[in-house]
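Using my numbering, you'd call the opening residue of the sequence shown number 0 and step up by one each time. Cβ atoms here follow ideal geometry from the backbone N, Cα and C, with glycine treated the same way. These numbers were taken from a predicted model, which means no experiment stands behind them.
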Amino acid sequence: MQKERDYSFHILLRGIILIGFFLLTFKLALTGDIEYYIAPKMIPFSYFAIGVLLILAVIQIWRSGSKNKMDLFCNCGFDHNNSSFLQSGFIYSLFFLPILIGFWFPDTIMDSSIVANRGINYGLNSSLQQTEFGGDSSALSDNSDISYFDEGSTVYNNRLELKNELLNNPKIIVKDEFYLDTLDIFVNDLNSFIGKEIEIMGFVYKEPDLKPDQFVISRVAIACCVADSSVFGTIATTDISHPVVMDEWIKATGILAKTNVDGQYLPNLQINKIERIEQPEDPYVYIPY
């Protein structure tokens, strides 16, 4: 009888854990803060997860009160109740802790604090190629036809169309939906865009390796969720009349030039106008996979 009560208690705890994850996910979806953690294309899956968590939680709690002992055992041939109190407490704490943290701490967006651990990228194509070639920057080229997309692919053709559109515009406004592709085009065909007027927005990151009058206009990019997030940006140069502060959001306008960073020429926005702005409702950009 004692063993049945122990099994019943464990099943109840598992049901409570599932309820906790259900409530946490439901809270994030209800407030819209779930967009701080996953890409918009993944949100429908979160709704599915909310439903599944609720169903599984109800089933577990229902099982815990069953008078039929067969409902309390999984019949897998293993004694799940053979752990000590400390072992069980430690295991359950691994599940309760993220739930408590999720409710206790406020939801915030990622900022320059993640750059220290993950570094900063100046172009999507460059980042992927450095990964593919083990960080060998010699694989990069100013040749605009080099891309990680197959030449016959729709995405590749769309990038060529975007490049032609950018070249034909007297002023290039870097839009969120084409942010990463635009930065990548600048990096891979930099000479074609030198002298162009550029308008771009992002948060300020003070890269230690840059000159005192330089900083990076940055955005956090995610593919599916924050676990795969990266920081992308454009080097900018400003004078004392345009002071900037780490992590503040700005909209900058200037002329595109180039600068040498560790032997590689990168885009460098020579700023002539800075406007402080509020953080956008959706501060992230999304990797086009």
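Cut-off 8 Å between Cβ atoms - residues of its own chain near residue i, not counting five sequence neighbours on either side
i	result
Ile276	Met200, Trp248, Ile249 and Lys250
Gln59	Ile10, Leu11, Arg13, Gly14 and Leu17
Met41	Cys223 and Cys224
Ile119	Tyr204, Glu206, Val215, Ser217, Val230, Phe231 and Gly232
Glu104	The residue you asked about is not Glu; residue 104 is Phe in the sequence shown. Closer than 8 Å at Cβ, skipping near neighbours: no residue.
Ser126	The predicted position of Ser126 is uncertain, since its pLDDT is 43 and thus under 50; a value taken from the coordinates is nonetheless stated next. Within the same chain, Ser126 has close Cβ partners Asn120, Ser229 and Phe231.
Gln1	Bear in mind that the predicted position of Gln1 carries a pLDDT of just 46, short of 50, making it too unreliable to give a figure here.
Ser140	Its pLDDT being 38, under 50, Ser140 is placed unreliably in this model, and the value from its coordinates should be taken loosely. Here the set comprises Asn187.
Asn116	none
6 Å Cβ shell around residue i - same chain, five flanking residues per side excluded
i	result
Phe302	Since the first residue shown for the chain is 0 and the last is 288, residue 302 is missing from the structure and cannot be characterised.
Gln269	Thr236, Gly253, Ile254 and Ala256
Ile184	Lys162
Lys272	Thr252
Asp32	Asp106
Tyr35	Asp106 and Ile108
Thr30	none
Asp261	none
Val57	none
DSSP-derived helix/strand/coil call for residue i
i	result
Leu250	Here residue 250 turns out to be Lys, not Leu, going by the sequence shown. Here Lys250 sits in strand by DSSP.
Gly64	coil
Leu209	coil
Ser229	strand
Asn168	coil
Ala256	strand
Ala290	Beyond the ends of the chain as shown, which are 0 and 288, falls residue 290; an answer cannot be given.
Gln278	coil
Tyr285	strand
Val222	A quick correction: the sequence has Ala, not Val, at residue 222. Coil, per DSSP.
Thr24	helix
Ser140	Low confidence applies here, because Ser140 scores a pLDDT of 38, under 50, leaving its location unreliable and the question unanswered by this model.
Tyr35	helix
Tyr264	strand
Phe214	strand
Thr30	helix
Ile234	strand
Ile10	helix
Ile108	coil
Which listed residue (the options) has its alpha carbon closest to that of residue i
i	options	result
Gly232	Val215, Ile221 and Cys223	Val215
Asp208	Lys272, Tyr35, Asn190 and Ile234	Ile234
Asp238	Leu27, Gln213, Thr107 and Ile98	Gln213
Ala226	Pro266, Glu160 and Ala38	Ala38
Phe202	Met109, Phe104, Trp103 and Leu29	Met109
Ser7	Gly64, Ser228 and Val244	Gly64
Tyr178	Leu52, Pro279, Ile286 and Ser191	Ile286
Ser45	Ala56, Val57, Ala28 and Phe192	Ala28
Gln228	Asp261, Ile113 and Pro279	Gln is not the amino acid found at residue 228; the sequence shown has Ser there. It is Ile113.
His241	Lys210, Asn116 and Glu274	Glu274
Val243	Pro211, Gln263 and Phe47	Pro211
Leu182	Gln263, Asn116 and Asn267	Asn267
Phe21	Asn116, Pro43 and Leu52	Leu52
Nearest-angstrom beta carbon gap, residue j and residue i [assumed within contact, 8 Å]
i	j	result
Glu206	Val173	About 19 Å separates the two Cβ atoms, so there is no contact after all.
Phe25	Ile54	Incorrect: roughly 13 Å between the Cβ atoms, too far for contact.
Ser111	Asp246	5 Å
Ile171	Lys195	6 Å
Ile98	Gly19	4 Å
Val219	Pro282	7 Å
Phe102	Leu189	Going by Cβ atoms, the distance from Phe102 to Leu189 rounds to 47 Å, so no, they are not a contact pair.
Leu159	Ser191	That belief does not hold up - the Cβ atoms of Leu159 and Ser191 are roughly 13 Å apart, past 8 Å.
Val284	Asp180	About 10 Å separates the two Cβ atoms, so there is no contact after all.
Same chain only: Cβ atoms within 7 Å of residue i, ignoring 5 sequence neighbours per side
i	result
Leu265	Tyr121, Val186, Ile234, Lys257 and Thr258
Ser87	none
Ile193	Leu255, Ala256 and Lys257
Any non-hydrogen atom of the ligand HEM closer than 6 Å to residue i Cβ
i	result
Asn120	In the structure shown, the ligand HEM is absent, as is every other ligand, since no ligand is present at all.
Self-check item: Those runs of the alpha helix (DSSP H) which lie wholly inside the region 170-209 and span at least 4 residues
Solution: 178-187 and 189-192
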